[in-house]
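Note sheet for the following structure.
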Ligand code: NAP
């Protein structure tokens, strides 16, 4: 090929940015990369998933931002693949496409009452407090101030994030980039009790210890756990003995179980072997019907038939993220991923030429940010291997200038535009004594992108 290889990366979250970095970082094949995102701003779940009060994880943003400055990398924000431009059209301009658009929707509980007002997906609640432009601001501004007790379903790291944000005082969140209306709404929260429901035991919870520990250190929330639940059954004891992370989690929760509540304004109740079977209410959820469970022989949760109820008018379902299909692209609707082999997209077991995948939409929503780096690097290695072996179709392609002309009438945001948004967010933050405040409307971002 006489010109540089042209690659389109769909999604600018960690896996997309790390894929771009790996592409321009290798020396076998000259490459240019366009990182495309449907939002005007880059970084996906690093911006809209990582909790705003987790400053060290959020600082990954600075690492990702530097990738945008590397020669050969362009950012094209506010361009939605599937509506503004099709995948087929991208193939007319790019030699290869890498799908890295993640898993942004929620998994369902599949129980009666799940759709009552006041029952929300963690994905939506997190998007709201991170200032996602598509978040339903009116919904949370109505629900949070009028709520008195919350149930968080699930015991993963997202459940811990959500519980911590609900449990913290606004003073504890003040150094974050949450939009002002989020502070104002959380400040009006009437929630005094937060029940966290794990359908299995403390040894099977998927949170990481560092994140878990923070729940026990909040200024105005006591954490409460029944000591009896910390008497591990043989299966769980074996799990804790063979896995250090599990042992550390158990140790943290065991210490909590010995605490006497100190009369703080809020209480976080950790309930294990507890799965919701129904949400009941009227104009909004009022109660969660919970079934006690026991571990079965394989470590799964099986119902005991014994029920109890928890009064709650705000329910956050934090039972995992789910990837969604993109028009024309193969999709495994059982696993909610794009099927692949070594990062090469597969249709019915056959490789789709010049299509690749990385990150959560390849593997499912698991792992930390670093997991996505490894995943993206692996996918790029497959792509470069295919180029070196002349396996990419040598179809005639439109030039990059023709691609730019194709999208010229759409209001897209380039790296310079994103940097203007970045400056505007820092300035907005500074005006309130913070390092940054996220712009939360698409119109606001687009206006800021023009400097
Ligand atoms: P997760 O770790 O998979 O946790 C999902 C939770 O939902 C589990 O407790 C699971 O229980 C429960 N669950 C699933 N279906 C359920 C049902 N029908 N009824 C009741 N409970 C149900 O997922 P996540 O918390 O969404 O996190 C996604 C990924 O992002 C993880 O890899 C996580 O570590 C990562 N993350 C990391 C951080 C951080 O490092 N600070 C922060 C946020 C997210 P079972 O185990 O019984 O299935």
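Numbering (my numbering), first residue to last: 10 to 460. We treat Cβ as the ideally placed atom computed from N, Cα and C, and that holds for glycine. These numbers were taken from a predicted model, which means no experiment stands behind them.
Close-in-space but distant-in-sequence residues of the same chain around residue i (CB under 8 Å, 5 per side omitted)
| i | result |
| --- | --- |
| residue 242 | 210, 304 |
| residue 250 | 256 |
| residue 296 | 288, 289, 290, 318, 319, 320, 321 |
| residue 302 | 208, 209, 282, 283, 284, 310, 311, 312, 313 |
| residue 429 | 457, 458, 459, 460 |
| residue 182 | 61, 62, 174, 192, 195 |
| residue 316 | 286, 298, 299, 300, 301 |
Residue i: CB within 8 Å of a non-hydrogen atom of the ligand NAP
| i | result |
| --- | --- |
| residue 372 | no |
| residue 163 | yes |
| residue 343 | no |
| residue 166 | yes |
| residue 248 | no |
| residue 317 | no |
| residue 213 | yes |
| residue 66 | yes |
| residue 327 | yes |
| residue 121 | no |
| residue 57 | no |
| residue 288 | no |
| residue 313 | no |
| residue 224 | no |
| residue 138 | no |
| residue 60 | yes |
| residue 220 | yes |
| residue 257 | no |
| residue 254 | no |
| residue 375 | yes |
| residue 209 | yes |
| residue 330 | yes |
| residue 278 | no |
| residue 263 | no |
| residue 216 | yes |
| residue 285 | yes |
| residue 118 | yes |
| residue 63 | yes |
| residue 32 | no |
| residue 303 | no |
| residue 131 | yes |
| residue 182 | no |
| residue 206 | yes |
| residue 310 | yes |
Contacting residues, own chain, Cβ-Cβ under 6 Å from residue i (five flanking each side not counted)
| i | result |
| --- | --- |
| residue 345 | 331, 332 |
| residue 38 | 14, 393, 396 |
| residue 192 | 179 |
| residue 73 | 26, 52 |
| residue 93 | 419 |
| residue 220 | 166, 169 |
| residue 236 | 266 |
| residue 137 | 144, 149 |
| residue 99 | 17, 106 |
Beta-carbon separation (whole angstroms), residue i vs residue j, contact threshold 8 Å
| i | j | result |
| --- | --- | --- |
| residue 135 | residue 58 | 6 Å |
| residue 308 | residue 244 | 6 Å |
| residue 27 | residue 370 | 14 Å between Cβ atoms; not a contact. |
| residue 273 | residue 230 | 6 Å |
| residue 391 | residue 353 | 6 Å |
| residue 51 | residue 32 | Residue 51 to residue 32, Cβ: 16 Å. No contact. |
| residue 224 | residue 169 | 6 Å |
| residue 6 | residue 116 | The shown model of the chain, from 10 to 460, leaves out residue 6, and the question about it has no answer. |
| residue 201 | residue 268 | About 18 Å separates the two Cβ atoms, so there is no contact after all. |
| residue 378 | residue 69 | 6 Å |
| residue 407 | residue 35 | In fact, because the Cβ distance is near 25 Å, the residues do not count as touching under 8 Å. |
Residues of its chain near residue i, where Cβ-Cβ distance is below 7 Å and the 5 sequence neighbours each way are ignored
| i | result |
| --- | --- |
| residue 234 | 262, 265, 266, 279 |
| residue 384 | 24, 367, 368, 371, 372 |
| residue 293 | 125, 126, 127, 322 |
| residue 212 | 241, 245, 248, 249, 255, 259 |
| residue 423 | 83, 84, 85 |
Residue i: CB within 8 Å of a non-hydrogen atom of the ligand SAM
| i | result |
| --- | --- |
| residue 169 | Of the ligands one can find in the structure shown, namely the ligand NAP, none is the ligand SAM. |
For this session: Report yes or no: do the region 156-173 and the region 86-95 share at least 3 C-beta pairs separated by less than 8 Å?
Result: Contact between the region 156-173 and the region 86-95 is absent: fewer than 3 CB-CB pairs across the two stretches fall below 8 Å.
Exercise. Taking contact to mean at least 3 C-beta pairs separated by less than 8 Å, is the region 123-139 in contact with the region 317-328?
Worked result: In short, these stretches touch, since the Cβ pair count reaches three.
Exercise. Using 8 Å as the Cβ pair cut-off and three pairs as the minimum, do the region 186-196 and the region 438-449 touch?
Worked result: In short, these stretches touch, since the Cβ pair count reaches three.
Problem set entry | Cβ pair count under 8 Å reaching 3, the region 360-368 against the region 103-111 | Judged by Cβ distances under 8 Å, the region 360-368 makes contact with the region 103-111, as three or more pairs qualify.
For this session: Determine contact between the region 176-185 and the region 419-439, defined as no fewer than three beta-carbon pairs at a distance below 8 Å.
Result: Touching, no.
Exercise. Taking contact to mean at least 3 C-beta pairs separated by less than 8 Å, is the region 403-421 in contact with the region 58-74?
Worked result: Judged by Cβ distances under 8 Å, the region 403-421 makes no contact with the region 58-74, as fewer than three pairs qualify.
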